[in-house]
Amino acid sequence: MSSAEKSPWILHYNASSCNGCDIEILAALTPLYDVERFGIINTGNPAHADIFVVTGSVNEQNKEVLKNLYDQIPEPKVVVAVGICAASGGVFRDCYNVSGGIATIIPVDAYVPGCSVRPEALIEGVVKAIGVLEKKRALFDNGGAK
Amino acid sequence: MTGRRTVIPFGPQHPVLPEPIHLDLVVEDEFVVEAIPSIGYVHRGLESLVDRREYADFVYLAERICGICSFTHSSTFCQGVEGLMDIEIPARANYLRTMWGEYSRLHSHLLWLGLFADSLGFESLFYNAWKIRESILNEFEATTGGRVIQGACKVGGVCRDVSNEFLSGMDKRLDDIETEMQEMTKVFLSDYTLKKRLVGKGILKPDDAYNLGAVGPVARGSGLAMDVRTSGYLAYGDIGVKPVTTSGCDGYARCEVRCKELFQSADLIHKIIVAMPDGDIATTVKGNPDGEYFSRSEQPRGEVVHYLRGNGTKYLAQLRVRTPTLTNLPSLVVMLAGAELADVPQLVLTIDPCIGCMER
Chain A
738 MSSAEKSPWI LHYNASSCNG CDIEILAALT PLYDVERFGI INTGNPAHAD IFVVTGSVNE
798 QNKEVLKNLY DQIPEPKVVV AVGICAASGG VFRDCYNVSG GIATIIPVDA YVPGCSVRPE
858 ALIEGVVKAI GVLEKKRALF DNGGAK
Chain B
1073 MTGRRTVIPF GPQHPVLPEP IHLDLVVEDE FVVEAIPSIG YVHRGLESLV DRREYADFVY
1133 LAERICGICS FTHSSTFCQG VEGLMDIEIP ARANYLRTMW GEYSRLHSHL LWLGLFADSL
1193 GFESLFYNAW KIRESILNEF EATTGGRVIQ GACKVGGVCR DVSNEFLSGM DKRLDDIETE
1253 MQEMTKVFLS DYTLKKRLVG KGILKPDDAY NLGAVGPVAR GSGLAMDVRT SGYLAYGDIG
1313 VKPVTTSGCD GYARCEVRCK ELFQSADLIH KIIVAMPDGD IATTVKGNPD GEYFSRSEQP
1373 RGEVVHYLRG NGTKYLAQLR VRTPTLTNLP SLVVMLAGAE LADVPQLVLT IDPCIGCMER
């Protein structure tokens, strides 16, 4: 297990979410749920991040921002799509300015369902993502060979 | 002089911002000369769905305009549809809506105080505020089933009743929450570092606040007694509300207003629980909305207006929402002009920006 898996840092971005999932992500960081006990820290700098936590359904204006942030996170990295909007567009699916989910822009490794998500579900999603990160790390250290 | 000017981009992704907004800061040395906001990172086009979702279902979409002011949006929308259809909702439903509305103000202000402390680098205070906020969310979860999106409002009343025994329990638990809040706000209002970074920063003069259309704690922090609750909608007419105002006009004043409003809300909840009438929680709704209606209410961030136009079918012809953050944005531009670059993050937060609401 490498340091990144013992203490993965997350980068949070709101790609046109209603806020509901975003405040639950922050709630997961604060004393009641306290993900910091797993070494998970919220960072504001993409270059420091291992896990990209994205909420919202993605619109025309922020898809470039989302792509930019994803590109700035060093390899290996995983993406967690939080909330039903991030999975499929959710209730906003039929709106004119919604592209319908994070996966339309960047590859997603774990989905956390809910509207809004519960902090417990979010923690489970991030823990699953750590598993994926470990596999990616092994692959990365092997120079891409299985 | 212009040669010494630099443009520094702020956002859309920034450590102090839970939500994306972009500001171009034109700076000269360390001072901001001009701040140019650009928005649209959270725009979904939610209002356009109104002609494809039935008005009774749209309540749940209206709730998802914003995850922080969710309850206020759904109750304002319901109030609008009820106004169009001349529905009088039962007194108990009215009081329950008022109670949940005040609980959501508590949760929103605590959330803001936490984020504000975080923007100043005061992490333990951030954790403290959010710890207290969890007790408010527990009450929401126990009474409605949801933490941040409650789904408790419907056209004609509310979906869930709260038993009188549980209400008196809530009343007692609120006393403990108040004691905790008392300790926390003491830090916000008397800490040396916090004062040093807030007093005299981000001045918004009363005239500017009035002319630029500031609402909510931003206006009240500049001494304007503007509060839609004084118009007596829901049960506020029976309970009575006196707006909290301070005259500091700076970042500290806006923080002080929100701290004091915590106790005002707690006080209102106590009064509501004591005066809670018995009876039904919803009336039957027949027919379809027709005509125009302006529905106003006081969100944690200020006045929100829902404009509804019906055409006699089960789909509304138009919905237009005006949210407090959008009207507070011109005030923010005034506050930022002349500010030090290092003060920009917390000054942006003093208007309590809620971009989800603003752009929908």
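Those protein sequence lines, which keep their order, are chains A and B. If you count the first sequence from 1, you need to add 737 to reach my numbering. If you count the second sequence from 1, you need to add 1072 to reach my numbering. Positions of the beta carbon are idealized from the N, C-alpha and C atoms, including for glycine.
For residue i, which residues does DSSP report across the bridge?
| i | result |
| --- | --- |
| residue 1388 of chain B | B:1382 |
| residue 1366 of chain B | B:1379 |
| residue 1096 of chain B | B:1081, B:1108 |
| residue 1188 of chain B | According to DSSP, which records beta bridges pairwise, residue 1188 of chain B is partnered with nothing at all. |
| residue 1225 of chain B | B:1230 |
| residue 746 of chain A | A:778 |
| residue 1394 of chain B | B:1377 |
| residue 1412 of chain B | B:1103 |
| residue 788 of chain A | A:747, A:815 |
| residue 848 of chain A | A:818 |
| residue 1507 of chain B | Shown here, chain B extends from 1073 to 1432; a query on residue 1507 of chain B therefore has no answer. |
| residue 1371 of chain B | B:1374 |
So, under 8 Å CB-CB, residue i and residue j are touching, yes? Tell me the CB distance rounded to an integer number of Å.
| i | j | result |
| --- | --- | --- |
| residue 1419 of chain B | residue 1408 of chain B | 6 Å |
| residue 1208 of chain B | residue 1253 of chain B | Actually they are not in contact, since the Cβ atoms of residue 1208 of chain B and residue 1253 of chain B sit about 10 Å apart, beyond 8 Å. |
| residue 1357 of chain B | residue 1376 of chain B | Not really, about 23 Å apart at Cβ, beyond 8 Å. |
| residue 760 of chain A | residue 1183 of chain B | 6 Å |
| residue 1197 of chain B | residue 1189 of chain B | 4 Å |
| residue 1426 of chain B | residue 756 of chain A | 7 Å |
| residue 1181 of chain B | residue 1334 of chain B | 5 Å |
| residue 832 of chain A | residue 1120 of chain B | 6 Å |
Assuming contact is defined by CB atoms lying nearer than 8 Å, are residue i and residue j in contact in what I supplied?
| i | j | result |
| --- | --- | --- |
| residue 1367 of chain B | residue 1144 of chain B | no |
| residue 751 of chain A | residue 792 of chain A | yes |
| residue 1241 of chain B | residue 1355 of chain B | no |
| residue 790 of chain A | residue 748 of chain A | yes |
| residue 745 of chain A | residue 776 of chain A | yes |
| residue 1101 of chain B | residue 1079 of chain B | no |
| residue 1199 of chain B | residue 768 of chain A | yes |
| residue 1422 of chain B | residue 1308 of chain B | no |
| residue 1286 of chain B | residue 1315 of chain B | no |
| residue 1352 of chain B | residue 1273 of chain B | no |
| residue 786 of chain A | residue 818 of chain A | no |
| residue 1363 of chain B | residue 1382 of chain B | yes |
| residue 1384 of chain B | residue 1400 of chain B | no |
| residue 1077 of chain B | residue 1104 of chain B | no |
| residue 1219 of chain B | residue 1213 of chain B | yes |
| residue 856 of chain A | residue 824 of chain A | no |
| residue 1365 of chain B | residue 1173 of chain B | no |
| residue 1113 of chain B | residue 809 of chain A | no |
| residue 794 of chain A | residue 1116 of chain B | yes |
| residue 807 of chain A | residue 762 of chain A | no |
| residue 1137 of chain B | residue 1118 of chain B | yes |
| residue 1250 of chain B | residue 1163 of chain B | no |
| residue 1110 of chain B | residue 1417 of chain B | no |
| residue 1406 of chain B | residue 1270 of chain B | no |
| residue 1328 of chain B | residue 1246 of chain B | no |
Using a Cβ cut-off of 8 Å (strictly closer), state whether residue i contacts chain A.
| i | result |
| --- | --- |
| residue 1245 of chain B | no |
| residue 1378 of chain B | no |
| residue 1394 of chain B | no |
| residue 1114 of chain B | yes |
| residue 1140 of chain B | yes |
| residue 1092 of chain B | yes |
| residue 1426 of chain B | yes |
| residue 1220 of chain B | yes |
| residue 1390 of chain B | no |
| residue 1330 of chain B | no |
Is residue i near the ligand COA, in the sense that its beta carbon is under 7 Å from a heavy atom of that ligand?
| i | result |
| --- | --- |
| residue 1293 of chain B | Ligands are entirely absent from the displayed structure, and the ligand COA is therefore not among its contents. |
Beta-carbon of residue i versus every beta-carbon of chain B: anything under 8 Å?
| i | result |
| --- | --- |
| residue 835 of chain A | yes |
| residue 846 of chain A | no |
| residue 861 of chain A | no |
| residue 777 of chain A | no |
| residue 853 of chain A | yes |
| residue 807 of chain A | no |
| residue 768 of chain A | yes |
| residue 838 of chain A | no |
CB-CB under 6 Å to residue i, same chain, minus the five flanking residues each way: which ones, in chain order?
| i | result |
| --- | --- |
| residue 1257 of chain B | 1331 |
| residue 1395 of chain B | 1376, 1429, 1430 |
| residue 1325 of chain B | 1293, 1318 |
| residue 1215 of chain B | 1234 |
| residue 1306 of chain B | 1166, 1169, 1170 |
Spatial neighbours of residue i within its chain, please: C-beta separation below 8 Å, excluding the five flanking residues on both sides.
| i | result |
| --- | --- |
| residue 742 of chain A | 867, 870, 871, 874 |
| residue 1387 of chain B | 1122, 1123, 1124, 1125, 1126, 1127 |
Can you find the residues in the same chain that come closer than 7 Å, C-beta to C-beta, to residue i, ignoring five residues on each side of it along the sequence?
| i | result |
| --- | --- |
| residue 1089 of chain B | 1083 |
| residue 736 of chain A | The structure shown does not extend to residue 736 of chain A, since chain A spans only 738 to 883, so no value can be given for it. |
| residue 765 of chain A | 772, 856, 859, 860 |
| residue 837 of chain A | 794, 825, 826, 830 |
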